[in-house]
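Note sheet for the following structure.
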Amino acid sequence: MIAANVMTNTPITVNENTPVFEVVDLLLDLKISGLPVLDSNGIMVGIITEGDLLRRSELGTEIKRPHWQELFLGPDKLAKDYVQSHACYAGAIMTARPLTVSPEAPLDEVIGLMENNNIKRVPVVKADKLVGIITRVDILKALRTILQRDRTPERAHEKNTDDNSMQKEIIDRIHSQPWAPKSNIRINVKNGVVDISGAIWDENIRAALITLIEEVTANGDICDHLVFIEPTTGFCIAKNG
Numbered sequence: 001m002i003a004a005n006v007m008t009n010t011p012i013t014v015n016e017n018t019p020v021f022e023v024v025d026l027l028l029d030l031k032i033s034g035l036p037v038l039d040s041n042g043i044m045v046g047i048i049t050e051g052d053l054l055r056r057s058e059l060g061t062e063i064k065r066p067h068w069q070e071l072f073l074g075p076d077k078l079a080k081d082y083v084q085s086h087a088c089y090a091g092a093i094m095t096a097r098p099l100t101v102s103p104e105a106p107l108d109e110v111i112g113l114m115e116n117n118n119i120k121r122v123p124v125v126k127a128d129k130l131v132g133i134i135t136r137v138d139i140l141k142a143l144r145t146i147l148q149r150d151r152t153p154e155r156a157h158e159k160n161t162d163d164n165s166m167q168k169e170i171i172d173r174i175h176s177q178p179w180a181p182k183s184n185i186r187i188n189v190k191n192g193v194v195d196i197s198g199a200i201w202d203e204n205i206r207a208a209l210i211t212l213i214e215e216v217t218a219n220g221d222i223c224d225h226l227v228f229i230e231p232t233t234g235f236c237i238a239k240n241g
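One point on numbering: in my numbering, the residue at position 141 of the sequence shown is 141, and numbering is uninterrupted.
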């Protein structure tokens, strides 16, 4: 999946001369937390978010520092803080040159940008023009579409294979996972019920194995006979023991 599959097309934008009041009004009315900012040529030059509007003189929340700290920061940083808390227009408050992606960017790359930079949205740009925006909500909508599709009777029927095929698929998937204790796990499928047995050294591995089986079977018909071996003492603890 790529950015173009997920993004919101023609997102709502503001320009550099949009008054702060109108920006706040849009954020609240649209129930969103950020807006791209365009220049007079329609080129995106920044993004303004709710985070840019928290330190405002109107709220009495502008940054206040002790005098000794102001001496170390210098007038340029203090002047920048003043603009942030007092400016009247979006262009002066926005975050300039935000991170962007192309429409062809893989979705995992987009999510990586969000996670690594602690941001909630990524503008999608092509030839310097804003063509869309991806927010966390857009990603959740894409996930919902896939989950809904997988719940249809047609997709559920696709997973109802015979016991041998199901057993082989589960074993193949276990062998493909770096976390799985391949030589210690035994799988047997009979009448659609999966029996899993063997030894594990971490309860997270049990949860991962059950999750893997549920992905294949699309049901909860699993008999868990895994035995947990306590790493320090070597004691064996059965699930119900």
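The beta carbon of each residue, even a glycine, is placed where N, CA and C say it ideally should be.
### Query
How about A180 and I187: do their beta carbons lie closer than 7 Å?
no
### Task
Just tell me which of I47, S85, L35 has its CA closest to the CA of S57.
S85
### Task
On the DSSP bridge assignment, give the partners of K126 in chain order.
K129
### Query
Measuring CB to CB, does K120 end up less than 7 Å from R97?
no
### Message
Tell me which residues share the same chain as I171 and place their Cβ nearer than 6 Å to its Cβ, disregarding the 5 neighbours each side in the sequence.
### Response
I187
### Message
For I133, tell me which candidate among P123, A127, L140 has the shortest Cα-Cα distance.
### Response
Taking only the C-alpha atoms, the option nearest I133 is P123.
### Residue(s) in a DSSP beta bridge with S197
R186, H225
### Task
Compare the beta carbon distance of V131 and A3 with 7 Å and say whether it is the shorter of the two.
no
### Task
For D224, I'd like the list of residues in its chain whose CB is within less than 8 Å of its CB, leaving aside the five on either flank, ordered along the chain.
I196, R206, I210, K239
### Task
Excluding the 5 residues preceding and the 5 following T61 in the sequence, name in chain order all residues of the same chain whose CB lies nearer than 7 Å to its CB.
L54, R55
### Message
Assuming the contact rule is C-beta atoms closer than 8 Å, I213 and D128 should be a hit. Round their C-beta distance to whole Å, please.
### Response
Wrong, their Cβ atoms sit about 49 Å apart, outside the cutoff.
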